[in-house]
Each structure stands twice: as C-alpha cells, then as structure tokens.
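S.K.: For the sequence shown, counting from 1, position 148 maps to 146 in the numbering used here; every step adds exactly one. Built from N, CA and C at the ideal position, the CB exists for glycine as well.
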Amino acid sequence: MANIKTKTYHHGNLEQALLVAGFQEARGTGSRNLGVNSLAKEVQVSPMAVYRHFPSGESLKANISQLGREEMARQMIEAISRQAGVKNRFQAVGRAYIQFALDEPGLFAVAFTACDAPPKREDSPSAWLVFQDSILDLCTEGLIDASEVEHVSAFAWAAVHGYATLAGGKDPMRPKATEQVISNLLDRIWSGIVGEGVQNR
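(1) Confirm, please, whether the CB-CB distance from Glu56 to Leu105 is below 9 Å.
(2) Could you give the DSSP three-state label for Gln130: helix, strand or coil?
(3) Hey, quick one: how far does the alpha helix (DSSP H) through Ala109 stretch, first residue to last?
(4) Can Val108 and Ser63 be called in contact, C-beta distance under 9 Å?
(5) According to DSSP, is Asn1 helix, strand or coil?
(6) Considering only their Cβ atoms, is the gap separating Leu136 from Val91 smaller than 9 Å?
(7) Among the residues of its own chain, which have a CB less than 6 Å from the CB of Val34, if the five just before and after it don't count?
(8) Which word fits Gln42, buried or exposed, when buried means at least 16 other C-beta atoms lie within 10 angstroms of its C-beta?
(9) Report yes or no: do the stretch 153 to 168 and the stretch 178 to 196 share at least 3 C-beta pairs separated by less than 8 Å?
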C-alpha cells in the first residue's frame, strides 16, 4: 500500500488515495495529521470531497487505524509461517507484535487509536484473530483447558501489548528492547501459561 502514489488520482479511487495518504502519514507521524483537512491537502482535493467517501473525520481515522492493524497482522502471519512447533509459533506471534511496535511506532499507535466511528469493514487479516488462534493452538495441544482460553488471552495480550507500548515509547525509564530481553519475556509468558515443565512441542 505504501508504494501507491497519492498526489494524483483518477475518478473513483479518491477513497483509496486518502487511505494510502493516511497510512503513510500514520507511519511517519502517528495520529498527528490524520484529519480531513490535512489528508485532503495531501491528495490535492477539497475537504468536502473527502465526505463523499467518509461520513466523518472519525470514520476516515478508523479506516486508517484498521490499515495499521492489518499490516501488523500480516507480519504476525509471516512470522508464524517460518516456525514449527506450538511454542515457536506462539512466541513468534508475540515477537512479531513487539517488533512491529518497535519498527513502526506510528502505525502501532494509530492501530490502537480510539475512534468514535467504526471502519467500513471487518479487519482482514485480523491481528486479534491471529493472536486468538495462537491461544487456541495451546488448547488444541492440550496445554491449557478450554475454560482457560479467555483468561490466557487476557494475560498474554496484556503482557505483550504492555511491554510493546512501554519499550516503543519515549519514556527514559522504558524497558530495554534487546533480543535477549524480548526472548526472556516471551519465555516467562510461556512458562506462566503452560508451566515450567513444558518446553517445546
């Protein structure tokens, strides 16, 4: 998506041009310049033209936020595809999540921006479903009970998202983001879920 030019567009694809411009802006500056006026100027149209495709600025922002989540989901899926074994796949999801926050802080921030309007469609791919599938894999392998899925999901997401948010931030007291620290975190999450006795499957 980021390779599409946004300065010119043909009749009928202004919506796509706005989304691409928003995606690029989010990648560079987060949510700072995702308003209707800013993006209309970027693609060289009047603000009123934007409202032919999005009913509000919040709707436009919600659809840009969705693009950030979908990009993260694609990277998570790619990370899983390179792994064998339930532990490696589970940790690949967490590692890709964290790495996305570190590599793409603008997109990561926008992906979780609260919007007063929903996007036009469901996320595809969905980062949340990728994450949920990694938890269900643990259930399928008999590492957790079906009754634990919701609680395990909350625990794993809180740990990974919390670390990613802190490590990718600008606070001088933020945790280190070395490979060793990330691996240690993921190992502790794994042990906290399945216990110390289960190493690899």
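M.R.: Based on what the coordinates show:
(1) No, these two residues do not count as a Cβ contact at 9 Å.
(2) Taken through DSSP and simplified to helix, strand or coil, Gln130 comes out as helix.
(3) Its alpha helix (DSSP H) spans residues 103 to 109.
(4) Result yes, Cβ atoms of Val108 and Ser63 sit closer than 9 Å.
(5) In this prediction, Asn1 scores a pLDDT of 45, lower than 50, which makes its location untrustworthy; no coordinate-derived value is stated.
(6) No, the Cβ-Cβ distance between Val91 and Leu136 is not below 9 Å.
(7) Non-local beta-carbon contacts of Val34 in its own chain, meaning distances under 6 Å to residues more than five positions away in sequence, involve Pro45, Val48, Gly55 in chain order.
(8) Result: exposed.
(9) Touching, yes, given that three or more Cβ pairs across the two stretches are closer than 8 Å.
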